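Notes for the one structure printed next.
There are 2 protein chains.
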Amino acid sequence: MKTEIINIGDELLIGQVINTNAAWMAVEMNLAGFMIDRVTVIQDETQAILGALEQSRMNSDIILITGGLGPTKDDITKEALCQFFNTTLAFNLKAFENIERFFHQRGISVTELNRKQAELPENCTPVHNQNGTAPGMWFETTRDRTGEKVIIISLPGVPFEMKSMMKDLVIPMLKIRFPQHTIIHKTIMTQGIGESFLADLIEEWETQLPSNISLAYLPHPGIVRLRLTGIGNHATNIRKQIEEESQKLQKIIPHYIYGYDDEQLEETVGRLLKERKLSVATAESCTGGYIAHLITSVPGCSVYFKGSIIAYANEIKEKELGVSAESLFTFGAVSEQVVKAMASGIMEKFKVDLAIATSGIAGPDGGTDEKPVGMIWIAIASPSGITARKYQFGDNRDRNIRRTAMQALNLLRKTVIGEPF
Amino acid sequence: MKTEIINIGDELLIGQVINTNAAWMAVEMNLAGFMIDRVTVIQDETQAILGALEQSRMNSDIILITGGLGPTKDDITKEALCQFFNTTLAFNLKAFENIERFFHQRGISVTELNRKQAELPENCTPVHNQNGTAPGMWFETTRDRTGEKVIIISLPGVPFEMKSMMKDLVIPMLKIRFPQHTIIHKTIMTQGIGESFLADLIEEWETQLPSNISLAYLPHPGIVRLRLTGIGNHATNIRKQIEEESQKLQKIIPHYIYGYDDEQLEETVGRLLKERKLSVATAESCTGGYIAHLITSVPGCSVYFKGSIIAYANEIKEKELGVSAESLFTFGAVSEQVVKAMASGIMEKFKVDLAIATSGIAGPDGGTDEKPVGMIWIAIASPSGITARKYQFGDNRDRNIRRTAMQALNLLRKTVIGEPF
Chain F
363 MKTEIINIGD ELLIGQVINT NAAWMAVEMN LAGFMIDRVT VIQDETQAIL
413 GALEQSRMNS DIILITGGLG PTKDDITKEA LCQFFNTTLA FNLKAFENIE
463 RFFHQRGISV TELNRKQAEL PENCTPVHNQ NGTAPGMWFE TTRDRTGEKV
513 IIISLPGVPF EMKSMMKDLV IPMLKIRFPQ HTIIHKTIMT QGIGESFLAD
563 LIEEWETQLP SNISLAYLPH PGIVRLRLTG IGNHATNIRK QIEEESQKLQ
613 KIIPHYIYGY DDEQLEETVG RLLKERKLSV ATAESCTGGY IAHLITSVPG
663 CSVYFKGSII AYANEIKEKE LGVSAESLFT FGAVSEQVVK AMASGIMEKF
713 KVDLAIATSG IAGPDGGTDE KPVGMIWIAI ASPSGITARK YQFGDNRDRN
763 IRRTAMQALN LLRKTVIGEP F
Chain P
363 MKTEIINIGD ELLIGQVINT NAAWMAVEMN LAGFMIDRVT VIQDETQAIL
413 GALEQSRMNS DIILITGGLG PTKDDITKEA LCQFFNTTLA FNLKAFENIE
463 RFFHQRGISV TELNRKQAEL PENCTPVHNQ NGTAPGMWFE TTRDRTGEKV
513 IIISLPGVPF EMKSMMKDLV IPMLKIRFPQ HTIIHKTIMT QGIGESFLAD
563 LIEEWETQLP SNISLAYLPH PGIVRLRLTG IGNHATNIRK QIEEESQKLQ
613 KIIPHYIYGY DDEQLEETVG RLLKERKLSV ATAESCTGGY IAHLITSVPG
663 CSVYFKGSII AYANEIKEKE LGVSAESLFT FGAVSEQVVK AMASGIMEKF
713 KVDLAIATSG IAGPDGGTDE KPVGMIWIAI ASPSGITARK YQFGDNRDRN
763 IRRTAMQALN LLRKTVIGEP F
């Protein structure tokens, strides 16, 4: 079973957009048991599309295409597919109704350009696009000479439209069409330790993994996901093996594991707060609202999240959070005293059970010898008191903000479950 | 002149690593006047490498390869190149001296594995790697049948090694070998209008573009970038042409253009506030701190950004922002009255020149017939008064938050420069 991805788009070939679609599709296809053999990126240009399709049809059983389905002139994938299959476009009522629904929801009427998006090659089965106006297309064809079946699927390049179509429709359909070896994954979510240190800690465990179980490290700023993949014939056996290995790992690095199976830290925290009927607020300086943003990215967070004060200026720390001018003067804004006062200030003011406070030097400027860029203080306030911790991260502003947020959410999680830190 | 990139690496095909190398190389090659026609990502596997090389040699004049040059077993690019050119590996003293230098600097001695990195295909010219132990390789070959010249360059996949080799050696050499057409890009940043409506508005202008100038639409949540690309012999002429077209466009859609050349909206706003010595704060409900996060993602923002109140709970809107209980009861939190009161509340409290307030139903839950998911109110407060606008976005929480933030920042920008909205 060979699978290829073809990403169409000039923007990918001048480097204006990084090809994250291919990486995301590869991960999801892998999880479903399909390995990607090749990714090809080509221009919005008929000959390039025809050439890539011709070549892929010779080599692969499944061809996933993204891009070039927008309503504008530079989007020509549909026309190229018509040429490839020697067919023509036909108006598709169901696709049109989806476009109408989409526009109607936004209180606007369908333009002629968008009406054209309901025209599809006659030989395709449309793939419903819940989040946009360009339908996907599913084609069944055969390889020249051998006559073997080849499936070609064309999807929009807009990541958010493509992703839900892949997850909800394309992958489930492919799984039915191609029953595979059973592949079972389990992801172990860790926070607070870098990839290479983690690898050192778990080396022995990694070496003794059964041969049908593999491990992948998936690092993100502040988070390392460990993905166990088991392959075999019996789902129950593989699941049992993976469960055993996961429990061994839990014993080796209990303090770094915060959750499983791609649960985001803000989701874990939200779930715990909801279960225990606790409320939270944040007082943020260097993270500038990013922690509040993560917390509020979880639907239903209004049950436990009351709000935040982003105290970027010192006068806001003083006036709104009750940090004393003396503390600010004596210890500076990036200090244990100030971050603790911020946490206690927001807790009292917003009348919450728990609070996070952050203060640090995100960079690239503002560092000194004593307080270099990347130095961050985090405080957690709870009914049993206020605890603060100092961290020294790197010199990248964006990464420092993200790592601080992840660290702060994990300290909050530990506080909620009563784990020391 | 056709150029291709071949990225070799299993990690790219399981989505573990996003292919940022291709994007970076494309940008740099473009700036040097070479368009990339195709990017192919393949496994560390001999047949895959030979197949890709064979195919690329038929189509392209320059082939840039990355990856598979490390010292470990899974790195087989060099062996595959030997097979492709029907040659063998030979020890290269200069390459070895570089490896020695590299290890010596770090106070360690050269291992047998690394010594092998100094063995190179006999027909290549080595490309010096200042930052690592794997030399690059420059091959000159010809296309079968036609006998046209083809250059194949193999570089390490480690971004930081590859980048300096490209910049310092490969691109300068290619420029000498192939005096090029000049390619010039200009990106026009728009906000507040969807791709298809934009296309309708500018269709006439698009049609009259000179044949050597092309247009691409690059949509993101809340933002559409328009990229003009000009090709020709004289940089000055192309630049002039692009400038003229950009000015024509400016006249057609003045209210949607906020900036040029990939300037982010939060950067534009920051630049304007700095220039005019104005301060800003935000009072956020549905955006939950995301606007504050964007503002504070710009280094140096402390000059103009004082802070925010994230008023997720109604009691915080009342107590901290002075929204009246009566307004909240009569009109609801998602209303013109409340969002205006939030804006005026934060402006007074934080003593800033400008303020943004947001209140809406981000979804997926919480919608009603009267106030469906995606309904958002944004208010901007300035010394000349408070203006509020209502928007109806879609049903995806994350996108609603992003679009609201972009819209709010653009309304702030317009307020600062005195443009009505």
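From first to last, the protein sequence lines are chains F and P.
First residue of the first sequence? That's 363 in the numbering used here, and the numbers climb one at a time after it.
First residue of the second sequence? That's 363 in the numbering used here, and the numbers climb one at a time after it.
Cβ atoms here follow ideal geometry from the backbone N, Cα and C, with glycine treated the same way.
Predicted model, so just to flag it, every value in this text is computed and none were measured.
Residue i versus residue j: straight-line alpha-carbon distance, rounded
| i | j | result |
| --- | --- | --- |
| Leu640/P | Arg775/P | 12 Å |
| Tyr620/F | Glu781/F | 11 Å |
| Thr450/F | Ala480/F | 13 Å |
| His655/P | Leu656/F | 10 Å |
| Ala744/F | Ala675/F | Note that residue 744/F corresponds to Ser in the displayed sequence, not to Ala. Their Cα atoms are separated by approximately 25 Å. |
| Ala645/F | Ile672/F | 6 Å |
| Ala695/P | Leu627/F | 29 Å |
| Thr434/F | Lys364/F | 32 Å |
| Lys525/P | Gln409/F | 31 Å |
| Leu588/P | Ala578/P | 6 Å |
| Ile564/P | Gln612/P | 10 Å |
| His551/P | Val665/P | Residue identity check: residue 551/P is Met in the sequence provided, not His. Rounded to the nearest angstrom, the two C-alpha atoms are 25 Å apart. |
| Phe453/F | His582/P | 28 Å |
Minimum Cβ-Cβ distance from residue i to chain P less than 8 Å
| i | result |
| --- | --- |
| Asp727/F | yes |
| Gly722/F | no |
| Pro734/F | no |
| Asp506/F | no |
| Val701/F | no |
| Leu531/F | no |
| Val512/F | no |
Start and end residues, beta strand (DSSP E) containing residue i
| i | result |
| --- | --- |
| Leu611/F | Here Leu611/F belongs to no beta strand (DSSP E); instead the alpha helix (DSSP H) covers Ala597 to Ile614. |
| Ile619/P | Ile619 to Tyr622 |
| Thr549/P | Thr544 to Gln553 |
| Leu588/F | Ile585 to Gly594 |
| Gly747/P | Gly747 to Gln754 |
| His582/F | Ile575 to His582 |
| Arg400/F | Ile398 to Ile404 |
Boundaries (first-last residue) of the alpha helix (DSSP H) holding residue i
| i | result |
| --- | --- |
| Thr569/F | Glu565 to Thr569 |
| Asn476/P | Glu474 to Arg477 |
| His466/F | Leu455 to Gln467 |
| Asn762/P | Arg759 to Ile779 |
| Arg507/P | No alpha helix (DSSP H) holds Arg507/P; DSSP gives it neither H nor E. |
| Ser689/F | Ala687 to Phe693 |
| Thr408/P | Thr408 to Asn421 |
Residue i burial status per 10 Å Cβ neighbour count (16 or more: buried)
| i | result |
| --- | --- |
| Asn493/P | exposed |
| Asn383/F | buried |
| Ile461/F | buried |
| Lys610/F | exposed |
| Gln542/F | exposed |
| Ala687/P | exposed |
| Asp406/P | buried |
| Ala741/P | buried |
| Asp436/P | exposed |
| Glu366/F | buried |
| Met391/P | buried |
| Ile829/P | In the structure as shown, chain P starts at 363 and stops at 783, and residue 829/P therefore has no counterpart that could be examined. |
| Asn595/P | exposed |
| Lys537/F | exposed |
| Ala717/F | buried |
| Arg765/P | buried |
Expected contact under 8 Å - CB spacing of residue i and residue j to nearest Å
| i | j | result |
| --- | --- | --- |
| Gly651/P | Ser697/F | Going by Cβ atoms, the distance from Gly651/P to Ser697/F rounds to 23 Å, so no, they are not a contact pair. |
| Ala724/F | Cys663/F | At roughly 24 Å, the Cβ-Cβ gap does not stay under 8 Å, so Ala724/F and Cys663/F are not in contact. |
| Leu426/F | Lys440/F | Going by Cβ atoms, the distance from Leu426/F to Lys440/F rounds to 16 Å, so no, they are not a contact pair. |
| Gly316/F | Gly371/F | Nothing can be reported for residue 316/F, as the shown portion of chain F is limited to 363 through 783. |
| Ile797/F | Ala442/F | As displayed, chain F neither begins before 363 nor continues past 783, which places residue 797/F out of reach and without an answer. |
CB contact below 8 Å: residue i versus chain F
| i | result |
| --- | --- |
| Gln769/P | no |
| Arg765/P | no |
| Leu375/P | yes |
| Gly694/P | no |
| Phe712/P | yes |
| Phe667/P | yes |
| Val389/P | yes |
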